[in-house]
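Whatever position you read off the sequence shown (first residue = 1), add 171 for this note's numbering.
Built from N, CA and C at the ideal position, the CB exists for glycine as well.
Computed from a predicted model, the values in this text were never measured in an experiment.
To start, the structure under review is shown below, and the notes come after it.
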Amino acid sequence: MSTEAVFIFHNMLRKLLSSQSPELIAAIFESAGPTFREREFPEYKANRTEMPEDLRPQIPWVRKTLEAMRIPVLDFPGFEADDVIGTLSRRAAAAGMEVVIVSSDKDMLQLVDVNVRMLNPMKPDPPQDYTLYDPEKTAAFMGVAPQRVADLLALKGDAVDNIPGAPGIGDKGARDLIQQFGSVEAALDGAEHVQRKMYRESLQNHRDQILLSKRLATIDCTVPLEWDLEQGAIQPADNAALRDIYRELEFFSLLKELAPEPEALLAPIEFGEAGGIAQMPGPVAVAAGEHLGLSNEPGKGLRAPLAALPLLDGREIVIHDLKSVPDLTGQKKVFDTMLAGFLVLAEPAAGSLDALSERFLRRKPGPSPEERAEATLCLAAALRPELDTHNVRRVYDSIDLPLVPVLARMEDAGIRVDREELSRLSVTMASELDRLAGDIFAMAGREFNINSPQQLGIVLFDELKLPAGARSGKTRQVSTAADVLEKLAEDHEIARKVLEYRQISKLRGTYADALPTLIRPETGRVHTTFNQTGAATGRLSSTNPNLQNIPIRTEMGRQIRAAFIPAPGWQMVVADYSQIELRLLAHMSRDKTLVEAFVHGEDIHTRTAAEVFGVPPLMVTPEMRRNAKAVNFGIVYGQTPFGLSQTLGIPRKEAEAYIANYFARYPGVRRWLDQTVATVRREGYAITLDGRRRPIPDMNSRNPSARGFAERTAVNTPLQGTAADLIKRAMIRIDAILRQDGWQSRMLLQVHDELVLESPPDEAARLAKLVKHEMEAVEKLVVPMVVDTGSGPNWRDAK
């Protein structure tokens, strides 16, 4: 279910309450059934479009949210919400109250007077505030005084409400007539004095219609509403009800802001010292801190020394983040609530023990290891059936859980880096940065801080007069982001230099200077941490340091990779899937031409260029192949014609033609894309070949940008997610063989489609052959999977 409208309305209301501090408040809803206006004029509001399908189910939730905030919700049969608001406004003003109507409906401005103002929450003025209409501002905005807004509408009509008005009289004419005569009635009575023939005849020939229009446009302030204004006194919100709404609608950012439920600050736990761990019945939940926390039944938390970990050997263990307790990664019977929670939710930000406990247990665990162990035990009971409900148990059992000890061994092994090579690179980069800075300053005509977006923007756009994009943010500053500079770089050398400066500066700071500080003295290696829950597609991420983001397309990036070296005398061995996502696209789409190309071992980009441009493969130029390559990968990532035009630097029409020609030649791909989007829109989630699921809630969003992004995600997830699952399965098999057969070689890194290993010289060739075989044989596709391997004295040269 889409929840965007509820979220936006609720946040707007919270902002109003905090910024305006009202003493009384009420929310007015439209009533069911016909109103007096429809009885008098059946065509009233006949032009209104149907409420969008994704909005209709949200309206009851808006009402529930208001009730949870203890804000009265009013409506009155036979009258519109405007009439109820008008009646309440007049009553409150008569009682000496200051009234603020919150609405973006211009018709409501007729209610404005010295005691009644209207706040438009959709038009902040200035940006951090609201537009507040008093009589003067209303007159300036509408061109007539508030009490004449209905007269204005009676003459010019209202297409939204289907109020007919006076034919031939528009907004300006209506304002002029009201200003001349003072009211509709006076204008009708004095029609013969109107100089403009069209206006004069309209007034003379449509008197009844114009008076009807005024009755329709006039808000009725005499609704017989039996409601005491004091019933709208501000009350504390019902936090328990709000908490249920936030959980149900998955508004977790709002949930965090609520005070914890008093009874759920901590579950009542019986504390004690663990005695005979071996005799504890059932699965044992474990949490490690300054000491060991254990729990084998809800409400019971025990403590034990960390030295007691070996006593758990052979027991069924329940834990949150198994890899964080290396001594337990070899256990045969384990349930990891972090991995299970991630598979169920596919939300990288929702995988902490606290977040999962709040969602599934409706309470937070306490801070001590024993309290966290007890929460982990209860969480496991909640998540086990969820794995089956979401059909992801097989992924948990065969991929995610078996991968944990593999990653733990890789993290423990670490990877050796050449400190001297990094130091040399740092000096080289510093010299290159000085050279680039000199070039940039010469082009700019002065020195400035290249790393300051503000100063760079002044130089590029104010002083050099380069074409600027839109201003954004509170500072209204022109963007100097990479995409802006890349566009400028096509025609302006200084932008190219700035991009190069930024790239080298980032490489130097992130790798050349930072990596030596991360070398562990006891191993002489850096030890990254692999995160299995860091990407919704299921891809691994790498932190402290991130070794998955070193660019390989630039010379400096390749030099950074050259600083990663094997153990002394050993070789680096690298294995990389070739075009795995395009091969998966061929497998999933079964497109005849695409499958044929891969089966026959053709260069897929040359084949695509030949198909799209209608030339034989031998006549495909390098530029044709480059464009075809962009189209191939663009299809995988759901690229739009606009995106492709930006990538290739070509007109949008030309990009549209490329994509159209592609789909004409690969109709199976078009069919698969359409079917995938339709399925994800219907089911609410995308799925990989192995069954990993990723919810994509914005598939039905009314926001075109959000919906477009969701559709691209729906297409890319089965491809990228399946590729991630395949290499994980291969890693599990390779690790098992290396350990079982007594190899000295070991896996060090996984970088998406690539594995990096180190090997003694006598094992390197056999290792490359083994890894290639296992990666290619991990799944039988309708097209061959191809793995490129290499070896060398460092990561760069092996690649």
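Boundaries of the beta strand (DSSP E) harbouring K471: K471 to A475, taken from the DSSP string. Following the DSSP letters along the chain, one finds E356 inside the alpha helix (DSSP H) bounded by residues V355 to D360. In this structure, the alpha-carbon of V496 lies about 52 Å from that of A639.
Separation of F513 and T500 (C-alpha to C-alpha, rounded to the nearest whole angstrom) is 19 Å.
Runs of the alpha helix (DSSP H) lying entirely within the segment 517-553, each at least 4 residues long, are 524-531 in chain order.
In the DSSP assignment, I586 falls within the unbroken beta strand (DSSP E) covering I586 to V588.
Annotated as distal: V394 and I349, with beta-carbon spacing of 8 Å or more. Within the segment 799-887, the runs of beta strand (DSSP E) at least 3 residues long that lie entirely inside it are, in chain order, 856-858 and 864-866.
S260 is a Cβ neighbour of V270, given a cutoff of 8 Å. Three or more beta-carbon pairs drawn from the segment 570-582 and the segment 697-711 are found closer than 8 Å, and the two stretches are therefore classed as touching.
Under the 10 Å beta carbon count, P338 is surrounded by fewer than 16 other beta carbons and is classified as exposed. Here the alpha carbons of L755 and K535 stand approximately 42 Å from one another. For M289 against M279, the beta-carbon gap comes to about 6 Å, under 8 Å, which counts as contact. Three or more pairs of CB atoms, one per stretch, sit closer than 8 Å, so the segment 325-344 contacts the segment 209-220.
Remark: C-beta atoms of L678 and P716 do not approach each other more closely than 8 Å. Rounded to the nearest whole angstrom, the C-alpha separation of A608 and V669 is 8 Å.
Residue pairing by DSSP places I272 opposite M289 in a beta bridge. In the displayed model, T893 falls within a helix according to three-state DSSP. With fewer than 16 other Cβ atoms from the protein chains shown falling within 10 Å of its own Cβ, K824 counts as exposed.
Cβ atoms of L359 and I381 come within 8 Å of each other, at about 7 Å. Look at V577 here: in three-state DSSP terms it is helix. At least 8 Å separates the beta-carbon of P576 from that of I736. One Cα belongs to V954, the other to A757, and the distance between them is close to 7 Å. Annotation: Y301 to L324 spans about 25 Å, alpha carbon to alpha carbon. Between the segment 411-427 and the segment 524-535, the count of C-beta pairs closer than 8 Å reaches three or more; the two stretches touch. By alpha-carbon distance to V957, the top candidate from T704, L631 and L753 is L753. With distances taken between CA atoms, I867 lies nearest to T847 out of L572, N562 and T847.
Closest option to N467, judged by alpha-carbon separation, among L482, I488, Y829 and Y748: I488. Taking C-beta atoms under 8 Å as the contact rule, P812 and E827 qualify, at a distance of about 4 Å. Distances from the CA of L711 to each of D912, R673, L926 and L593 were compared; the closest alpha carbon is that of L926. According to the DSSP assignment, Q375 belongs to no beta strand (DSSP E) but to the alpha helix (DSSP H) extending over K368 to N376.
T777 sits in a helix when the DSSP states are folded into three classes.
Note that the C-beta distance between G805 and G814 is below 8 Å.
Beta-bridge annotation (DSSP): A458 is paired with G464. By the CB criterion at 8 Å, A388 and L374 fall outside the cutoff. Taking a contact as a CB-CB distance under 8 Å, the pair A901 and E945 counts as one, their CB atoms being some 5 Å apart.
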